[in-house]
Each structure stands twice: as structure tokens, then as C-alpha cells.
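Asks: Can you read through this structure? Questions will come right after.
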Amino acid sequence: MNSIYRNIQEFQYLMPTRIIFKADAISELQSLSVSLGTKPFIVTGKQSSKKNGALNKVVKTFPNAVVFDSVEENPTDETCNKAGQICKDNQCDWVIGIGGGSPLDVSKVVAGLATNEGVCEQYFGRDLFKYTPLPILAIPTTSGTGSEVTPYAVITSTKNNTKQTVADYKLFPKIALLDPLLTITLPHQITLSTALDALSQSMEGLVSKKANPISDCLAIESCRLIFHWLPKILANPDCIEGRYWLLYASLLSGIVIAHTGTTLVHALGYFYTLNYNVPHGIANALFLIPMFKRNILFLPEKLKIIVNLLQEEYDKDNLDISIKKALLRFFKEINFLYTAHSWGVSDKQLHTFAEQLYSDSYRFRNQYGDFSVKDLSLIFKETFEL
Ligand code: NAP
Numbered sequence: 002m003n004s005i006y007r008n009i010q011e012f013q014y015l016m017p018t019r020i021i022f023k024a025d026a027i028s029e030l031q032s033l034s035v036s037l038g039t040k041p042f043i044v045t046g047k048q049s050s051k052k053n054g055a056l057n058k059v060v061k062t063f064p065n066a067v068v069f070d071s072v073e074e075n076p077t078d079e080t081c082n083k084a085g086q087i088c089k090d091n092q093c094d095w096v097i098g099i100g101g102g103s104p105l106d107v108s109k110v111v112a113g114l115a116t117n118e119g120v121c122e123q124y125f126g127r128d129l130f131k132y133t134p135l136p137i138l139a140i141p142t143t144s145g146t147g148s149e150v151t152p153y154a155v156i157t158s159t160k161n162n163t164k165q166t167v168a169d170y171k172l173f174p175k176i177a178l179l180d181p182l183l184t185i186t187l188p189h190q191i192t193l194s195t196a197l198d199a200l201s202q203s204m205e206g207l208v209s210k211k212a213n214p215i216s217d218c219l220a221i222e223s224c225r226l227i228f229h230w231l232p233k234i235l236a237n238p239d240c241i242e243g244r245y246w247l248l249y250a251s252l253l254s255g256i257v258i259a260h261t262g263t264t265l266v267h268a269l270g271y272f273y274t275l276n277y278n279v280p281h282g283i284a285n286a287l288f289l290i291p292m293f294k295r296n297i298l299f300l301p302e303k304l305k306i307i308v309n310l311l312q313e314e315y316d317k318d319n320l321d322i323s324i325k326k327a328l329l330r331f332f333k334e335i336n337f338l339y340t341a342h343s344w345g346v347s348d349k350q351l352h353t354f355a356e357q358l359y360s361d362s363y364r365f366r367n368q369y370g371d372f373s374v375k376d377l378s379l380i381f382k383e384t385f386e387l
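So this is what it looks like as C-alpha cells:
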């Protein structure tokens, strides 16, 4: 067995979602047999699914659908509760999520609330839904979260302004319908930030304590595709082939984190998103170099794979320099501003963030290594000094 897998004694692999990946699938909902009930509840964002025609096509196919179209970015528990109530009041028997990770995540919580008592906040945690949620059809329109194939919903708690996760194996969508044409309308900045989210997920999945040989294959392929295609798409947004592969890479990143969870990169990134509105994917990307330098200590073989994918020479005695050089070159190629101050983050609260994160170490339970408040503070500081 390859030395990378020396610590893996056993693992399980589960992907219960039927995946339909097809250009213009949104126009063929009827023939693709995606109906999961008699009256759907559609959950979507405020604008994009109207602009790109996705919502219209779905409503045309299911004319009795009830539409909830006010999901915001980083959606709150209040939004989930409101949508859940409307779904219940209208006795809808299945849910369609259309949009980025935000509407898809709300669609999952709505599906759970529709068949269970109580409100969203009660379900922050793992496997808390007693009754089977309504079946979900997930239609992603960003290439970033892979939420269409994960059992997670990431929701902002209005009580304490933190991001909480509703995690439940019953929340895997029944069907994920991926239509690369829907992602062509993504503006430059959202293409960049969502792709960097998928990249973080795949890179983190590779070094997670829960990584397994299958998730590693998917993570490596996802990283390879993003490194190859993202620069091309940013230069030419109408590149259909690139949009196709980026959506596929995002799908793989979702399957990866469904098994591995995320690591310290995501736990750190949340602070910049919640306190400075830094887009989720950008916030994660700011921590990739500081964290992957450290991951070398635990998983050098895997770090070599990333350096190789980025076609950087690696110096076996100074792998930390190689990974930094490789990622910096990629960041420059995609014109990503890789320091925190470029995104409006102030360095005034970094120690407080470190203390808060340290007291909530469950958030990075899949991360190898021990991290003190001082270590975490140093990592935050490094995002200003690259
Ligand atoms: P998002 O918050 O869903 O959407 C970001 C922006 O992109 C919105 O303004 C949205 O507009 C717009 N947009 C979406 N699709 C578009 C399209 N095709 N063309 C033009 N604009 C489009 O972004 P996201 O990055 O996909 O999702 C982030 C959320 O997912 C975060 O809350 C994160 O924590 C969560 N997440 C969940 C998982 C999971 O497994 N469940 C994994 C990773 C991240 P509209 O609002 O008008 O639609």
C-alpha cells in the first residue's frame, strides 16, 4: 500500500445522490424524470436564477410550484424558518434548490423542517432530524460549494453571528442536476471566489484526518482541473469547455468534503467572512499558504502531489518554500490578491479571533496537529505578510 495511506485502517464511502451532469439539462427536466413528488417548493436567490432563466424553466415544468426567492448570501436561520413555514403552509411534498451554496443549503433545512417539529436553530449539529426530510432536487449555479452532493447546510446563526452547520445524512439531495450552461452568467469575481472555495475544499479534503483513498483520487483530480481551467475561464468567461470542467471539479470537491469534512482553513476563513464580508472562497484561499506550509509536517507526500500538479520543482528539504512558490505563482496567474488587507480585513482583532477559534476546536477536528492560541494568532497574522 502506498505510504500516503499508511494510517488508513478502514473507511466507508457513500454517495446516495443521483447525479445528472448535462449541458442544458435545465431545458429537459421533463425527459430527465427529476420529479420527486406532486407539489414542489422552490428555494432560490434574489436575482441570478431569474436572470439566467433557470427559475423560469423550472416553474414552466412544474406550474404548481411555490417559489421562495429571497435567500441571501450566507443565509440565516431566520430565512430558513420563514421558508420552512411557507413550505409547510402550502403542503409542498418535495423541494428544489436553485442557485449557489446559499439557496441549496436553505433548501436542505426547509426539507428537514417540513417534516420535523421546531426551528432551524434546534438542528445545528449532527443527525438531529428524527423524520425523513422531503426529497430534494439540487441545481447548482455556482462552481464552488458542491452542496448538491453533501449532507451539510451552512447557516448563519442570528443569535451569535456565527456560521453553524446542520449536518445530517438524511439531507443528501436525492438528485443533483448539474448544467454547466447555468454557470456562464457568473461574473468574474464570483467565478474566482467560488472556484477558490472548491479548491480549498479539495485541498483540505486531501489533508483531512478523514481522507480515504477514494476521496484522495477525487480531491487530486478536482485540484488538477481547477489549476488548469480557472486561469482560462477568467481570461475567457464564455469558455464552455472550461465552465464544464470547473463545475465538475466543484462537484468532486463536494463529494470529497461529504467524506472528509473541512479543516482549519475553513475554520479560520469564517472569521473574515463574518466580520469583514470577505467572500467565502476568498477568505479560505487567504489561509491556503499559511496552512499548507504547516500541513507538510504531517503529510509531506500529499503536499508533493500539489506541488507537482502546479508544475513547480520541489526541494525535498524545503517543501514549505516549494508549496508557497507554487501557490503564489497560481494566485498571480489568476490575479488573486492574496493578502488579507487587500480584502478590507483589519489586523486589530486577530488575537480575539484566535482565542474564539481555540475555544471551539470542534470546528477543526479533522485537522492534523495541535494548535495553541499563539499558533492560531500567528496564522491569522501571516495572511497579512505573504
Ligand atoms: P452564494 O452565496 O450562493 O451566491 C453568491 C452570489 O452569486 C449571489 O449574489 C448569487 O446571486 C450569485 N450567483 C449564483 N449563481 C449565479 C449565476 N449563475 N450567475 C450569476 N450570479 C450567480 O454563493 P456560493 O459560494 O455558491 O455559496 C456560499 C455558501 O455556501 C456559504 O454560505 C457557504 O458557507 C456555503 N457552503 C456550503 C457547503 C455545503 O456543503 N453545504 C459547502 C461549502 C460552502 P443570487 O443571490 O441572486 O442568486
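According to the working numbering, the sequence shown is numbered sequentially starting from 2.
Even for Gly, the Cβ is constructed at its ideal location relative to N, Cα and C.
1) Tell me the rounded alpha-carbon separation between Pro152 and Phe173.
2) Determine the extent of the beta strand (DSSP E) in which Pro141 is found, giving its start and end residues.
3) Looking only at C-alpha atoms, which of Asp361, Ile307 and Ala259 sits nearest to Ala154?
4) Report the rounded CA-to-CA distance for Ser254 versus Gln312, giving the unit in angstroms.
5) Using DSSP bridges, identify the partner residues of Pro41.
6) Could you check where the alpha helix (DSSP H) with Leu300 kicks off and where it finishes?
7) With three or more C-beta pairs closer than 8 Å as the rule, is the stretch 78 to 96 touching the stretch 29 to 43?
8) Identify the continuous beta strand (DSSP E) that holds Phe69 and give its terminal residues.
9) Mapping the DSSP letters down to three states, classify Thr18 as helix, strand or coil.
10) Any heavy atom of the ligand NAP inside 6 Å of the beta-carbon of Glu149?
11) Could you pull out every residue in the same chain whose Cβ sits closer than 8 Å to the Cβ of Ile290, ignoring the five residues on either side in sequence?
12) Can you name the start and end residues of the beta strand (DSSP E) that Val257 belongs to?
13) If distances are taken between C-alpha atoms only, which option among Asn161, Lys171 and Lys294 comes closest to Val150?
14) From Leu183 to Glu302, what does the alpha carbon distance come to, in whole angstroms?
15) Under three-state DSSP, which class holds Asn3?
16) Using a threshold of 6 Å, is the CB atom of Gly145 nearer than that to any non-hydrogen atom of the ligand NAP?
17) By a C-beta neighbour count over all protein chains shown, 10 Å radius and 16 as the cutoff for buried, is Asp25 buried or exposed?
18) Are the C-beta atoms of Ser223 and some chain D residue less than 7 Å apart?
19) Does Phe272 pass the burial test, meaning 16 or more other C-beta atoms within 10 Å, or should it be called exposed?
20) Would you report the Cα separation of Gly243 and Ile234, rounded to the nearest angstrom?
21) How about Ala112 and Ala139: are their beta carbons less than 7 Å apart?
22) Just checking my contact of Leu226 with Tyr249 at CB under 8 Å: how many whole Å lie between their CB atoms?
23) Heavy atom of the ligand NAP less than 6 Å from the Cβ of Lys47, yes or no?
24) Is any heavy atom in the ligand NAP found nearer than 6 Å to the beta carbon of Thr264?
25) Can you name the residues that DSSP bridges to Gln165?
26) According to DSSP, which residues form a beta bridge with Ile176?
27) Please find out if some non-hydrogen atom of the ligand NAP comes closer than 6 Å to the beta-carbon of Val96.
28) Have a look at Ala286 and Ser201 and give me their C-alpha separation to the nearest angstrom.
29) Around the Cβ of Asn65, are there at least 16 other Cβ atoms within 10 angstroms (buried) or fewer (exposed)?
30) At which residues does the alpha helix (DSSP H) containing Val107 begin and terminate?
31) Between the C-alpha atoms of Lys388 and Ile380, what's the straight-line distance to the nearest angstrom?
32) Could you tell me which residues DSSP pairs with Gly126 in its beta bridges?
Replies: Taking the coordinates as given:
1) 4 Å
2) Ile137 to Pro141
3) Ala259
4) 21 Å
5) Trp95
6) Per DSSP, Leu300 belongs to no alpha helix (DSSP H) and is neither H nor E.
7) yes
8) Val67 to Val72
9) coil
10) no
11) Ile324, Lys325, Leu328, Leu329, Tyr339, Glu383 and Leu387
12) Unbroken run through Val257 is the alpha helix (DSSP H), Ile241 to Thr261; no beta strand (DSSP E).
13) Lys171
14) 37 Å
15) Below a pLDDT of 50, predicted positions are generally treated as unreliable, and Asn3, at 48, falls in that range; the measurement from the model is reported next regardless. Residue state, collapsed to three classes: coil.
16) yes
17) exposed
18) Absent from the structure is chain D; it holds one protein chain and no more.
19) buried
20) 6 Å
21) no
22) 7 Å
23) yes
24) no
25) Ile156
26) Arg19 and Leu138
27) no
28) 6 Å
29) exposed
30) Gly102 to Thr116
31) Residue 388 cannot be examined here, being either before or after the span of the chain that is shown, 2 to 387.
32) Val167
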